[in-house]
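Below is one structure, written out as structure tokens; the observations come after it.
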Amino acid sequence: MKSIFVTGSSGLIGSEVCDYFARKLGYTVHGLDNNQRAVFFGPQGDNRANQQRLIRDLPNFHHHELDIRDRRGVLELVKELKPQAVVHTAAQPSHDRAAAIPFDDFDTNAVGTLNLLEAVRQACPEAPFVHMSTNKVYGDGPNFIALKELPTRWDFDDPVFAEGIAETFPIDQTKHSLFGASKVAADVMVQEYGRYFGMPTCCLRGGCLTGPNHSGVELHGFLSYLVKSNLEKREYKIFGYKGKQVRDNIHSVDVARFIAEFVAAPRIGEVYNIGGGRENSCSVIEAIQLIETISDQPHRVSYVEQNRIGDHICYISNLKKCRAHFPEWKVSISLQDTIGQIVKASKSR
Ligand SMILES: NC(=O)c1ccc[n+]([C@@H]2O[C@H](COP(=O)([O-])OP(=O)(O)OC[C@H]3O[C@@H](n4cnc5c(N)ncnc54)[C@H](O)[C@@H]3O)[C@@H](O)[C@H]2O)c1
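In this text, residue positions in the sequence shown follow the working numbering: the first is 6, and each later residue adds one.
As structure tokens, this is what we get:
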């Protein structure tokens with residue numbers, strides 16, 4: 006039986022990947038997580054329920070309580086497991102949180118990734134290695150693309166970006182946030198282990214990744230937190246850009262499906278932008294309207310003039326390269342269905 010090693014296995018993407026590879030592909034799954042999300046964000050960020058769900062539902066799932074910063078522990082575990090594939094999703098995932106915890110952020114995102122890469126190089130260098138990167142590696146560069154203001158959203162006003170932002174977009178000399186910078190370090194290192202050592206690595210530069218298993222908090226998990234605040238009748242603060250800032254949202258199942266395609270036909274040192282694309286894009290105010298329609302509950306909203314530092318005004322992933330390399334793959338779950346699932350899951354909690 007093939008085995009896969011997934012870091013951040015209790016998180017949104019990690020838990021989906023565990024589920025997908027165990028159920029659909031019959032893999033033995035080894036997950037690493039220490040519930041650090043609850044340390045980063047407090048009890049609302051607690052991911053233990055996902056961990057317990059995986060242990061309960063997947064007979065071939067094995068949980069490893071380990072910190073990705075524990076270099077020796079990670080090396081020993083990877084040497085013992087020698088998995089056939091590795092998916093790295095463990096991270097400090099918040100733009101805004103990073104400024105308050107710069108060492109935890111860098112040690113987790115950059116050094117943790119290096120710990121894992123080196124362990125894999127020593128133990129199983131032929132294993133496809135998928136790293137969850139982020140569109141924040143482009144810093145605030147996308148904010149300098151010509152934009153037009155529409156009634157409920159900003160949009161690109163440059164034909165070059167009609168289908169969104171491609172992997173060729175520059176990552177240098179822009180404001181990244183400390184999070185974006187630690188993720189750049191990891192992203193470049195993952196590419197380097199591909200190019201320099203010939204390992205089958207790839208970086209997935211995510212737009213807004215979402216789904217019913219996200220423990221959304223104000224500082225991370227846009228749609229999940231938005232739904233939660235609607236259902237709990239909590240005020241939601243919009244930060245700047247008139248609430249017309251655009252994100253492209255992709256369901257975690259579609260991310261897991263892409264990862265499975267890469268694992269089946271890996272390449273060396275690749276980079277992909279992955280998000281919901283134009284079809285699954287929405288502005289904050291459009292998302293609020295959609296959620297109100299689905300939950301049948303008005304949203305309490307306030308507006309703060311100051312935008313979040315470096316927040317993208319409009320970001321849409323160009324999915325051309327993903328589709329060209331993996332023609333079987335496409336975004337299969339609509340934004341409406343995704344929000345519907347998040348509303349249903351949040352209500353049942
Ligand atoms: N969710 C998004 O919108 C989004 C967008 C772009 C990129 N990404 C990237 O995708 C990846 C996964 O994101 P997510 O939304 O699933 O995040 P998540 O917070 O839901 O999951 C990350 C998991 O990693 C674990 N973790 C964190 N630090 C750890 C450590 N030091 N040791 C062991 N485990 C640790 C956490 O406990 C958590 O369960 C991250 O790399 C993130 O930067 C996410």
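Ideal placement from N, C-alpha and C gives every residue a C-beta, glycine not left out.
inquiry  = Which of the three DSSP states is assigned to C129 in this structure?
reply    = Secondary structure of C129 (DSSP, three-state): coil.
task = Name the two residues that bound the continuous alpha helix (DSSP H) containing C327.
result = Its alpha helix (DSSP H) spans residues K325 to H330.
inquiry  = Pop quiz: I296 and I344 are said to be a contact at Cβ under 8 angstroms. What is the actual Cβ separation, rounded to whole angstroms?
reply    = Taking the Cβ atoms as the reference, I296 lies roughly 6 angstroms from I344, within the contact range of under 8 angstroms.
Residue from V135, Q49 and I73 with nearest C-alpha to Q89 = Ranked by Cα distance from Q89, the options V135, Q49 and I73 are led by V135.
query = Less than 8 angstroms separating the beta-carbons of Y143 and V251?
reply = No; because the gap between Cβ atoms is not below 8 angstroms, this pair is not in contact.
query = Who are the near neighbours of A43 in its chain, counting only those whose CB is closer than 6 angstroms to its CB and skipping five residues on each side?
reply = Same-chain partners within the cutoff: G50 and D51.
key: Coil, strand or helix - S220 by DSSP   = The three-state reading of DSSP puts S220 in coil, since its state is none of H, G, I, E or B.
query = Smallest Cα separation from V193: which of L209, A132 and K180?
reply = Taking only the C-alpha atoms, the option nearest V193 is L209.
query = So D253 and G280 are in contact, right, with Cβ under 8 angstroms, and what is the actual spacing, rounded?
reply = About 4 angstroms separates the two Cβ atoms, so the contact holds.
task = Pull up the distance between the alpha-carbon of V91 and that of P130, whole angstroms please.
result = Cα to Cα, the separation comes out at about 10 angstroms.
query = Of the choices K247, F184, R77 and S187, whose alpha-carbon is the least far from that of Y154?
reply = Here the sequence assigns Glu to residue 154, which means Tyr is not the residue at that position. Closest option to E154, Cα to Cα, is K247.
Whole runs of the beta strand (DSSP E) within the region 154-200, excluding any shorter than 3 residues = Taking only runs of at least 3 residues, the beta strand (DSSP E) segments lying wholly in the region 154-200 are 159-161.
query = Roughly how many whole angstroms lie between the Cα atoms of T113 and S307?
reply = The alpha-carbon atoms of T113 and S307 are separated by roughly 33 angstroms.
message = Relative to the C-alpha of F284, which candidate in D342, Q41 and S353 has its C-alpha closest?
response = In the sequence under discussion, the amino acid at residue 284 is Glu, which differs from the Phe named in the question. Comparing Cα positions, the closest option is D342.
ask   = From this set, C327, F331 and V348, which residue's C-alpha is nearest K233's C-alpha?
value = Ranking C327, F331 and V348 by Cα distance to K233 puts V348 first.
request  = Could you tell me whether any non-hydrogen atom of ligand 1 is closer than 7 angstroms to the CB of H69?
outcome  = Checking the Cβ of H69 against ligand 1 gives no.
task = Please state whether DSSP places F46 in a helix, a strand or coil.
result = Here F46 carries a helix assignment [DSSP, helix/strand/coil].
query = Which residue from F45, V222, N39 and D62 puts its Cα closest to that of R53?
reply = Sorting F45, V222, N39 and D62 by C-alpha distance to the C-alpha of R53 places N39 at the top.
inquiry  = In whole angstroms, give me the CA-to-CA distance for G169 and E85.
reply    = Just so you know, the alpha carbons of G169 and E85 end up roughly 42 angstroms apart.
request  = Go to V336, then tell me how far its alpha helix (DSSP H) extends in each direction, as first and last residue.
outcome  = Where V336 is concerned, there is no enclosing alpha helix (DSSP H), given that its DSSP letter is neither H nor E.
message = Give me, in chain order, the residues of the same chain whose beta-carbon lies closer than 6 angstroms to that of A191; leave out the 5 immediate sequence neighbours on both sides.
response = Closer than 6 angstroms at the Cβ level, and outside the excluded window around A191, lie N114, A115 and T118.
task = Look at the Cβ atom of C207, then the Cβ atom of R305, and state whether they are nearer than 8 angstroms.
result = Contact: no.
inquiry  = Taking 7 angstroms as the cut-off, is the beta-carbon of S15 closer than that to any non-hydrogen atom of ligand 1?
reply    = Yes, ligand 1 has a heavy atom inside 7 angstroms of this Cβ.
Any non-hydrogen atom of ligand 1 within 7 angstroms of N285 CB = With a threshold of 7 angstroms, the Cβ atom of N285 does not count as near ligand 1, since no heavy atom of the ligand is closer than that.
task = Would you check whether ligand 1 has a heavy atom nearer than 7 angstroms to the C-beta of D72?
result = For D72, the distance from the CB to the nearest heavy atom of ligand 1 is below 7 angstroms.
ask   = Helix, strand or coil: how does DSSP classify A95 here?
value = Assigned with DSSP and collapsed to three states, A95 falls in coil, not helix or strand.
query = Do S288 and R158 have their C-beta atoms within less than 8 angstroms of each other?
reply = S288 is a Cβ neighbour of R158, given a cutoff of 8 angstroms.
key: Assigned secondary structure, K141 (DSSP; H/G/I helix, E/B strand, else coil)   = It is helical.
key: Three-state secondary structure assigned by DSSP to K84   = Note: K84 maps to helix in three-state DSSP.
inquiry  = For a test of the three-state rule: what should DSSP assign to H100, helix, strand or coil?
reply    = H100: helix per DSSP, three-state reduction.
task = Tell me whether S353 is buried or exposed, calling it buried when 16 or more other Cβ atoms sit within 10 Å of its Cβ.
result = Flag for S353 reads exposed.
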